Amino acid sequence: HTPFQRPRYIRHINVSEEIARYLMIWCGYAGAAMGFRTHAHVGVVVFAEKFPKSWQPVIIKIRHIISTAIVAILFLVSCNCLMQYLDSGKLTTATHIPTAVVYSIIPISMALAIVHTIVDIKEDFAPAKTETAESEGAEL
């Protein structure tokens, strides 16, 4: 290979590295949102399990409320950052993709996490199905 051909190969490597980096960001944040859906955030679960069994329903409710608040704050901050990226019009180095596109996954994943935690809170405070069925049967 001649020295004139090397920069083209280097450019392809830089483009593929950049794409891999941005896909990793997307996968990481999408995985974080999925973690809220499946309750896979180990540190939070392990902390909650340290309390006695009788406290678990209350601890779970508190955990879901705090998680929702934290994720809502992260959503607002990430929306602010995304707006700054949109206003700047900045492009990525190798692929020339708008940085706003790359980092748009952050508010998207935070919004999904908020939805998942709100569903959890709704389920926490909804009457248990067995209680509801018993009370309906008693009314008849």
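This note's numbering applies: residue 7 is where the sequence shown begins, and numbers increase by one.
Beta carbons are placed, not taken as given, at the ideal position from N, Cα and C, and that holds for glycine.
All of these numbers come straight from a predicted model, not from anything done at the bench.
Kindly indicate which three-state DSSP category residue 104 falls into: helix, strand or coil? strand
Would you give the residue range spanned by the alpha helix (DSSP H) that residue 119 belongs to? 111 to 131
Which residue marks the beginning of the alpha helix (DSSP H) containing residue 75, and which one marks its end? 62 to 94
Does the distance from the C-beta atom of residue 74 to that of residue 123 stay below 8 Å? Yes, the Cβ-Cβ distance between residue 74 and residue 123 is below 8 Å.
Cβ contact check for the region 118 to 133 and the region 85 to 103: 3 or more pairs under 8 Å: no
State buried or exposed for residue 57, treating a residue as buried only when at least 16 other CB atoms are found within 10 Å of its CB. exposed
Whole-angstrom distance between residue 86 and residue 110, CA atom to CA atom: 11 Å
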